[in-house]
Every structure is written in C-alpha cells, then in structure tokens.
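Counting from 27, one number per residue, gives the positions in the sequence shown under our numbering.
In what follows, a structure is listed as structure tokens, so that the remarks can point back to it.
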Amino acid sequence: MKLTKEQIADYHRDGYLIIPDAFSREEVNSLRSEIDRLHHIEAKTIFRERDGAIRSIFLVHEKYSPVYSEPFRALTRSPRVLGPANQLLGDDKTYIMHTKINVKPGLEGTGWLWHQDHGYWVHDGYPEDDLLTAMVMLGDTEEIQGSLYIIPGSHKLGLQDHYFDDSKAAFQLPQRAVQVDRLKKVMKETAKPVPIVGKAGTLVLFHCLAIHGSGVNMSPDSRWQAYITYNRCANRPNDVPNPRGEFTRSLNWEPVPIESDEAILGASREVASAK
Ligand SMILES: O=C(O)CCC(=O)C(=O)O
27 MKLTKEQIAD YHRDGYLIIP DAFSREEVNS LRSEIDRLHH IEAKTIFRER DGAIRSIFLV
87 HEKYSPVYSE PFRALTRSPR VLGPANQLLG DDKTYIMHTK INVKPGLEGT GWLWHQDHGY
147 WVHDGYPEDD LLTAMVMLGD TEEIQGSLYI IPGSHKLGLQ DHYFDDSKAA FQLPQRAVQV
207 DRLKKVMKET AKPVPIVGKA GTLVLFHCLA IHGSGVNMSP DSRWQAYITY NRCANRPNDV
267 PNPRGEFTRS LNWEPVPIES DEAILGASRE VASAK
C-alpha cells in the first residue's frame with residue numbers, strides 16, 4: 027500500500043494518520059484468535075491490571091519469545107503497515123523497535139496518562155526522535171471503550187518534560203506522563219484531542235512526539251489494539267546506562283523486509299493446522 031502525497035502531508039501536519047479498512051475481518055479474526063492463544067501463556071512480557079486481567083503483551087514478533095506469534099510477525103511485515111511506515115520514516119531500512127498488544131478489558135481496563143512515547147524512549151539512547159508507531163484496531167473501537175486520544179500537531183512542540191508515575195493506573199507498568207501544568211498550557215493552545223475510533227481493521231500511524239493517552243473502559247466490551255513501533259536502522263540506540271529491556275528496546279536492528287499481503291492469513295492457517 028502506498029500513501030498519497032496528501033496522506034503524507036496530513037501525517038506531518040497532525041502527527042498521526044488514520045487509514046480505515048486496512049485489514050479485513052478475516053485477518054482481524056485470525057489475529058484475535060492468536061490473542062486468545064497467547065492469553066494462556068505465562069511470560070515476563072505479559073503485564074496485568076491490578077485484578078489480574080491482561081493489559082499488555084509485548085514481544086509477539088520475535089521467534090525466541092514465549093509469546094511469539096507467526097500471524098503477528100506477518101502483520102509487522104505486511105505491505106499495508108511496513109510500506110506506509112517506511113514512507114513516513116523516509117527510509118526503507120527500518121527495524122521493529124517493539125511490538126505489543128494492548129487489551130483493555132470491558133469495565134476493567136484502565137487508562138494511559140497523557141504522554142509522548144519519546145518521553146520514555148529518550149532515556150534509551152535514540153539519536154533522533156522520529157520513531158513511528160503503527161496501531162491496528164482488532165475490534166470496532168468506540169470512545170466509551172477507553173479509546174486512544176491524540177492532540178493534533180503536538181508532535182511539533184518537541185519533547186515535553188515527563189514525570190514518572192508508579193502508582194496511578196499503572197500497576198505492573200509504571201508510566202511516564204507530561205507534567206500537569208505544562209499539559210494544561212498545551213491543551214489551551216492546541217487543537218482539541220481527537221478520539222481515535224474506527225472499525226476493526228483500521229490502521230493508525232503516529233509520531234513518537236504526538237501527545238496521546240486514553241481513559242478507562244466504561245463499556246462491557248473489551249478494546250483490542252496491536253502496536254508496532256518502527257525505527258530507522260540508522261537511528262539505532264546508543265549505549266546508555268540502564269536502558270529498558272529488550273522486550274521494549276529491541277537490539278535486533280536487521281532491516282525488516284516487506285512480505286506478502288497474504289502472509290497473515292497464511293500464517294494463521296499454519297497455526298490452526300498445528301493445533
Ligand atoms: O492503548 C492505549 O490506550 C494507549 C497506549 C499507549 O499510549 C502507549 O502504549 O504508549
């Protein structure tokens with residue numbers, strides 16, 4: 027899939043781009059059944075809500091991972107994700123910095139404080155702050171489900187000061203968040219936050235400096251989203267003291283090839299026949 031000039035301009039203006047219908051229902055269902063399978067695995071890269079429900083599953087794309095999933099690996103290499111990601115990064119040599127599936131269980135899933143992803147990653151040694159995340163909706167997503175919100179144009183403000191929160195809404199995964207006073211000022215001066223909603227199969231691409239966050243899931247229906255962060259191979263991280271673990275700061279900076287459009291369903295059939 028190739029983005030148009032207008033889509034590229036929209037991404038650079040707003041800091042995000044929404045592409046509806048990027049993936050079919052069949053593809054979404056096959057990825058969802060992988061999440062059902064991964065739910066039963068015990069792994070250090072699975073993080074839970076206070077009541078034990080799964081919040082995030084990291085590292086689904088690497089073969090050495092206990093939560094490896096061939097269909098999710100295919101998603102990271104799909105021409106419909108990696109193609110646009112490379113266009114927006116302006117480079118065809120990119121690697122996967124991390125993958126995660128965020129499950130926001132109905133009536134139980136909690137939120138993510140307002141932050142820039144680079145508010146975390148700045149501590150991990152990346153020379154440039156232009157990493158990009160692709161999010162794929164694996165269910166129809168409405169605001170009431172604790173949808174993501176993005177502040178349009180906020181990526182142009184540069185990196186904001188973040189504080190570290192290890193209490194609120196952050197059971198196993200402490201969060202970094204934009205300082206509250208600064209956020210109040212930013213929110214007065216920028217466009218209103220946009221709820222990132224859509225049908226299952228919608229693809230969203232966003233910049234690592236875009237300010238975003240989400241609330242609790244007020245609906246009985248769980249929210250399912252897969253996130254893949256891409257980085258240019260030329261922007262691999264420098265050695266820094268105490269970087270985060272490899273599950274979220276990959277040391278595998280081999281350029282990722284674009285694979286076939288059929289690969290997600292092909293991989294799902296293989297998983298099903300191996301059962
Ligand atoms: O899934 C969400 O609601 C937000 C996730 C997020 O902001 C993040 O992982 O950086």
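We put the beta carbon where it would ideally sit given N, CA and C, even for glycine.
Only a predicted model underlies this, so the values are computations on that prediction, with no experimental measurement involved.
Distances between the C-beta of His238 and the heavy atoms of ligand 1 include at least one below 8 Å. Setting aside the 5 residues that flank it on each side, Glu134 is surrounded in the same chain by Glu75, Asp77, Ala79, Asn243, each with a C-beta closer than 8 Å to its C-beta; the list follows chain order. Within 8 Å of the C-beta of Gln251 there is at least one heavy atom belonging to ligand 1.
In this structure, Tyr253 lies away from Ile61, with their beta-carbon atoms at least 9 Å apart.
The three-state secondary structure of Gln201, taken from DSSP, is strand. Setting aside the 5 residues that flank it on each side, Lys225 is surrounded in the same chain by Asp166, each with a C-beta closer than 6 Å to its C-beta; the list follows chain order. When C-alpha distances from Phe49 are compared across Arg295, Ser299, Ala289, Lys301, the shortest belongs to Ala289. For Phe190, the enclosing beta strand (DSSP E) stretches over residues 188-191. DSSP places Gly109 in the uninterrupted alpha helix (DSSP H) bounded by 108-115. Counting C-beta atoms within 10 angstroms of its own C-beta, Ala160 has 16 or more neighbours from the protein chains shown and is therefore classed as buried.
Only residues of its own chain outside the window of five on either side were considered, and among them Met27, Ile284, Asp287 have a CB closer than 7 Å to the CB of Pro105, listed in chain order. Listed as beta-bridge partners of Thr120 by DSSP are Arg258.
A residue is called buried when at least 16 other Cβ atoms come within 10 angstroms of its Cβ; Thr30 does not meet this threshold and is exposed. The three-state reading of DSSP puts Ile80 in strand, counting E and B together. Contact between the segment 179-195 and the segment 254-272 is absent: fewer than three C-beta pairs spanning the two stretches fall below 8 Å.
Approximately 5 Å separates the beta-carbon atoms of Asp187 and Gln205; this is inside 8 Å, confirming the contact. Less than 9 Å separates the beta-carbon of Leu57 from that of Val162. Distances between the C-beta of Asp150 and the heavy atoms of ligand 1 are all 8 Å or more.
Counted as a single uninterrupted DSSP element, the beta strand (DSSP E) harbouring His233 occupies residues 229-233.
In the structure shown, Ile177 adopts coil according to DSSP, grouped into three states.
Looking at the DSSP output, Lys301 bridges to nothing. The DSSP-derived three-state label of Gly172 is coil. Bounds of any alpha helix (DSSP H) do not take in Phe273, whose DSSP letter is neither H nor E. In chain order, Lys225, Gly227, Thr228 place their CB closer than 8 Å to the CB of Asp47, counting only its own chain and leaving out the 5 sequence neighbours on each side.
Beyond the five residues adjoining it in sequence on each side, Arg103 comes within less than 8 Å, by CB distance, of Val282, Pro283, Ile284, Glu285, Ala289 in the same chain, given in chain order.
Gly145: member of the alpha helix (DSSP H) spanning 143-147, first to last residue. Around the C-beta of Asn112, 16 or more other C-beta atoms lie within 10 Å, and the residue is accordingly described as buried. Around the beta carbon of Leu277, fewer than 16 other beta carbons sit within 10 angstroms, so the residue counts as exposed.
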